[in-house]
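J.: Structure provided below as C-alpha cells; questions to follow.
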Ligand code: NDP
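In my numbering, the protein residues as written are 70 to 399.
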C-alpha cells in the first residue's frame, strides 16, 4: 500500500468540487497495467472542462489530468521495466480513469510509451497533449503541401497552449507566422515566441460579408472553431489547408462549398486522443527533434503545484492562462 497526494474532483447537483486528498493505492496491477510515479502533468483546456465545468468525464469522483510523465515503479507488461521514464497522454486518462494530477497513476500499457530521445520528463509535459496536437496538425498540413515559399500561416488562439507551441514550432521550421489573439497585451509575447505579425481576434471573428475573402494564408492552425474556422475557410489561398482541433470559439461552422470547389482547399481534422499509436510515437519522436520548441524554458511556461491547481483549472476556462502550464507532483 502506498500513500499519495491527488486532486479529486467530485460533482454534485451539476456543481464540481475540487479537493487535494491523501489517498492510498495498492500495488495490485491488472494484466498489462503499469504503475507510474508521476513527476509532471500539464493543464489543457480539456482538464478545465472536467474539473471546473464538470463536463466530458464519464465518472465522478475522478482525478483529472489527461497528461502524465514519470518513472515506472511496477509493470505487468514486458515492454516496460521498473525505472523506465515514460509518458502517457489522452485516451481516457483523466476522463474515465484517474489521470495525472496525482503522485501515482495506474495506466494501461497501451496508453504508455517511452520518453522520446531529446526530451526530459518536464519538457515532455510542457509539450503534453498541446504539443502532440500541434505536431499532428503540422504533419497533416505537410502531407497536403505546406511549403516554405507558400506564404504566411495563421495560428488562431495563439496565446493558448496549443497555439503558442504551434507558433513556435512553425517559426522554428522557417515559416512566416501570423498569430491571431484576443489579448492585445500578448502581442510582445507572441512576437517573442516567433510570430511575425499579430492580428486581433475580432478580425477573424467578424469578417463574414462575402462567400470568399482575399486569399491570404497558405495554411492555418485552428484550435478555436466556430466563426474563426469559417473565416479561415474563406481566406485560404488556392490549395491551402487548415487543421482544426478545438472548440473554444464554438462547435458550429457554416460554410459554402465555394472555397472547396473554387480554391481546392483542404479542411483537416485533428484528434490527438485516439491518434494511432505508431503515428503517435513518430510525432513524439519529432517533438524531441525538429519540432522541439525553443521556448521550453521561457515566459511561455508556468509551473504550479498540486495546491495551486484548482485556481489554474478555473483560469484556463476563463481564458486567463498564457502558453503552457505544467504541474510539478514532486
Ligand atoms: P488554451 O485555453 O490553452 O488555449 C485556447 C486559446 O484560445 C486561448 O488562450 C485564447 O487565445 C483563445 N480563446 C479562448 N476563448 C476563446 C473564444 N471564446 N473565442 C476565440 N478564442 C478563444 O487551450 P488548449 O490550447 O489546451 O486547447 C485549445 C482547444 O483545442 C480546446 O478546445 C481543446 O479542447 C482543443 N484541443 C483538442 C485536441 C484534439 O485532439 N482534438 C487536443 C488539444 C486541444 P487568445 O487569447 O490568444 O485568442
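Heads up, the beta-carbon is just placed ideally off N, CA and C, and yes, glycines get one too. From a predicted model like this one, the values you see are computed outputs, not experimental measurements.
Buried or exposed: which applies to residue 136, given that a residue is buried once 16 or more other Cβ atoms fall within 10 Å of its Cβ?
T.: Label assigned to residue 136: buried.
J.: Check whether the segment 146 to 161 touches the segment 329 to 345, counting contact only when three or more Cβ pairs, one atom from each stretch, lie closer than 8 Å.
T.: Taking 8 Å as the limit for Cβ pairs, the verdict is that the segment 329 to 345 does touch the segment 146 to 161.
J.: Might you give, ordered along the chain, the residues of its own chain that have their beta carbon closer than 7 Å to the beta carbon of residue 194, omitting 5 neighbours on each side?
T.: Once the five neighbours on either side are set aside, the close Cβ partners of residue 194 are 109, 110, 111, 136, 138, 395.
J.: Count the CB pairs spanning the segment 290 to 297 and the segment 305 to 322 that are closer than 8 Å, and state whether there are at least three.
T.: They touch, by the three-pair rule.
J.: Provide the residue span of the beta strand (DSSP E) that contains residue 118, from first to last.
T.: Residue 118 -> not in any beta strand (DSSP E); alpha helix (DSSP H) instead, spanning 114 to 120.
J.: Which residue marks the beginning of the alpha helix (DSSP H) containing residue 274, and which one marks its end?
T.: 270 to 274
J.: Drop a sphere of 10 angstroms on the beta-carbon of residue 97, count the other beta-carbons inside from all chains shown, and report buried for 16 or more, exposed for fewer.
T.: By the 10 Å Cβ count, residue 97 comes out exposed.
J.: According to DSSP, simplified to helix, strand and coil, what is residue 192?
T.: helix
J.: Let me confirm a value: residue 262 is counted as buried when at least 16 other C-beta atoms fall within 10 Å, else exposed. Which label applies?
T.: Under the 10 Å beta carbon count, residue 262 is surrounded by 16 or more other beta carbons and is classified as buried.
J.: Give, in chain order, every unbroken run of the beta strand (DSSP E) that is at least 3 residues long and sits entirely within the segment 150 to 178.
T.: Counting only runs that start and end inside the segment 150 to 178, the beta strand (DSSP E) elements of at least 3 residues fall at 154 to 158, 173 to 177.
J.: Check this for me: beta carbons of residue 231 and residue 203, under 8 Å apart or not?
T.: yes
J.: Please classify residue 151 as buried or exposed, where buried requires at least 16 other C-beta atoms within 10 Å of its C-beta.
T.: exposed
J.: Rounded to the nearest angstrom, what separates residue 286 and residue 117 at their Cα positions?
T.: 31 Å
J.: By DSSP, does residue 91 sit in helix, in strand, or in coil?
T.: strand
J.: Between the Cα of residue 244 and those of 225, 219, 255, spot the shortest distance and give me the residue it belongs to.
T.: Just measuring C-alpha positions, the residue of 225, 219, 255 sitting nearest residue 244 is 219.
J.: Suppose you measure from the CA of residue 382 to the CA of residue 258; what does that come to, to the nearest Å?
T.: 22 Å
J.: Is residue 184 closer than 8 Å to residue 356 when the C-beta atoms are compared?
T.: Their beta carbons are not under 8 Å apart, which means residue 356 does not touch residue 184 by this criterion.
J.: Applying the 10 Å Cβ sphere with the 16-neighbour rule, what's the burial state of residue 233?
T.: buried
J.: Run the proximity test for residue 342: is its beta-carbon closer than 7 Å to any non-hydrogen atom belonging to the ligand NDP?
T.: yes
J.: Can you determine whether any heavy atom of the ligand NDP sits closer than 7 Å to the C-beta of residue 362, and answer yes or no?
T.: no
J.: In chain order, what residues of the same chain have a beta carbon less than 7 Å from the beta carbon of residue 77, not counting five sequence neighbours either side?
T.: For residue 77, where only same-chain residues beyond five positions count, the Cβ hits under 7 Å are 88, 90, 130, 132.
J.: Does the Cβ of residue 128 have 16 or more other Cβ atoms within 10 Å, making it buried, or fewer, making it exposed?
T.: exposed
J.: Taking 8 Å as the limit between beta carbons, can you name the residues of its chain near residue 84, skipping five residues before and five after?
T.: 123
J.: When the Cα atoms are used, what is the spatial distance from residue 190 to residue 254?
T.: 31 Å
J.: Pull up the distance between the alpha-carbon of residue 99 and that of residue 176, whole angstroms please.
T.: Looking at the backbone, the Cα of residue 99 and that of residue 176 are separated by about 10 Å.
J.: Could you please give the first and the last residue of the uninterrupted beta strand (DSSP E) stretch that includes residue 182?
T.: Judged by DSSP secondary structure, residue 182 falls within the beta strand (DSSP E) whose first and last residues are 181 to 183.
J.: According to DSSP, simplified to helix, strand and coil, what is residue 108?
T.: strand
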